[in-house]
Amino acid sequence: MHQVDRVDAIAGKPAPTLDRVLPFDLYRESFMSGFWNQAFDLSGRCAVITGGAAGIGLACATLLAERGARVALLDRDPAVVEVAASLGAGHLGIAVDLGKIDQIQPTVDKVFAHFQRLDYLINSAGVVLLDKAIDVSESAWDTTLDINLKASFFMAQACARHMIAQGSGRIVNLASQAAVIGLDRHVAYCASKAAIVGMTKVLAMEWAPQVNVNAISPTIVETALGKKAWAGEVGERAKLQIPAGRFAQPEEIAGLALYLLSDAAQMITGANMVIDGGYSIQ
Numbered sequence: 003m004h005q006v007d008r009v010d011a012i013a014g015k016p017a018p019t020l021d022r023v024l025p026f027d028l029y030r031e032s033f034m035s036g037f038w039n040q041a042f043d044l045s046g047r048c049a050v051i052t053g054g055a056a057g058i059g060l061a062c063a064t065l066l067a068e069r070g071a072r073v074a075l076l077d078r079d080p081a082v083v084e085v086a087a088s089l090g091a092g093h094l095g096i097a098v099d100l101g102k103i104d105q106i107q108p109t110v111d112k113v114f115a116h117f118q119r120l121d122y123l124i125n126s127a128g129v130v131l132l133d134k135a136i137d138v139s140e141s142a143w144d145t146t147l148d149i150n151l152k153a154s155f156f157m158a159q160a161c162a163r164h165m166i167a168q169g170s171g172r173i174v175n176l177a178s179q180a181a182v183i184g185l186d187r188h189v190a191y192c193a194s195k196a197a198i199v200g201m202t203k204v205l206a207m208e209w210a211p212q213v214n215v216n217a218i219s220p221t222i223v224e225t226a227l228g229k230k231a232w233a234g235e236v237g238e239r240a241k242l243q244i245p246a247g248r249f250a251q252p253e254e255i256a257g258l259a260l261y262l263l264s265d266a267a268q269m270i271t272g273a274n275m276v277i278d279g280g281y282s283i284q
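FYI, in the numbering used here the residues of the sequence shown are 3 to 284.
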C-alpha cells in the first residue's frame, strides 16, 4: 500500500487518486495539522468535574468549556451553581456532598439525563488533614479516605456505567506526588493518593477498551488554598527542593487533563502522570 494510502486508511479518509498524491512529508504535515485541531475539539462532549467550584477543578472546567465541552460541576459549596453559570450557557452546577455515597449515582444519573451523554470524568475533589502519624485520629483518617478515595471510586463507577453503555469514555483521577513519595504529617493523604494510583490501574484494566482511566500526580499547586498553606518561608524552602524551582499552576494540571481526555491520548490508559517539576526524580 502506498504511504499516503496507509495514512488515509488510518484517518478514515478515502485514499487519494494517483493524480493528486502529495509528497509524503507534505501530506503528513497537512494530515497532522488537521488531526491536532480535531483531537482537542471537545464540541458536543459532556464532562463531569468534582471539586469544580475552585482550584484545579475550576481550571479544568474552564479549559474544557473553552474547547467546546459542556461541563457539570459538582461541589459541596453551593456557589458551584453560580460558578457553572459564569462559564457560559449550557453548563451545569450541582451542590452535593460526595462523602454521602448514596448521593453519587443519582447525581450522575441527573447529569446524564440533562446532557443525554457522559464522556469525561475528572475526579478533583479532595481534602488534606495534616498531623503526625502518631496523633492521627480515626475521624481524620476516615474523612481523608472517604473523600479522596471512596468518593472517587464510586464517582468513577457511576460514570463508567453510562460510558460503557454508550461505548466510550475517559476518566482522570487527581492523585498527587504524595502517591509516590513520603511527606511528613501526610500519612492519611499519602495513603489515599497511593490508593488512587492503584485503583486507576485496575479500572483501566477492567473497563478497557471502552473507557480509558488515568491519574495525574501534581506537586504543590498554587490554588487559593495552596498559596495560603505554602505562603512565606515554608513555601520558599519547598521550592528549593523542586528542580523547576517553583510550584505548579492550576492551568498546567488542566492542560494535562485535557490531553488525557483528548483523542490524542487514545493509547494511554492506566498511567500515572507525575507533574512535579522533577521533585520525585531526585
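Beta carbons: idealized from backbone N, C-alpha and C, even for Gly. Computed from a predicted model, the values in this text were never measured in an experiment.
Asked, Found
"Over what stretch of residues does the beta strand (DSSP E) that includes S88 continue unbroken?", "Here S88 belongs to no beta strand (DSSP E); instead the alpha helix (DSSP H) covers V82 to S88."
"Based on the DSSP output, what are the partners of C48 in its beta bridges?", "R72"
"Among A197, P108 and S88, which one has its Cα closest to the Cα of A160?", "P108"
"Between the C-alpha atoms of M165 and I173, what's the straight-line distance to the nearest angstrom?", "10 Å"
"Could you tell me which uninterrupted beta strand (DSSP E) segments, each at least 3 residues in length, are contained entirely in the region 125–204, listed from first to last along the chain?", "171–176"
"According to DSSP, simplified to helix, strand and coil, what is D111?", "helix"
"Taking the continuous beta strand (DSSP E) assigned at G95, which residues delimit it?", "L94 to A97"
"Can V82 and G54 be called in contact, C-beta distance under 8 Å?", "yes"
"When the Cα of I222 is compared with those of A246, H116 and F37, which residue comes out closest?", "A246"
"Three-state secondary structure (DSSP) at A55?", "coil"
"Got a sec, what are the start and stop residues for the beta strand (DSSP E) A217 sits in?", "V213 to P220"
"Please determine, among A71, E68 and A56, the residue with the shortest C-alpha to C-alpha distance to P80.", "A56"
"Any idea if G228 is buried or exposed, counting beta-carbon neighbours within 10 angstroms, 16 or more meaning buried?", "buried"
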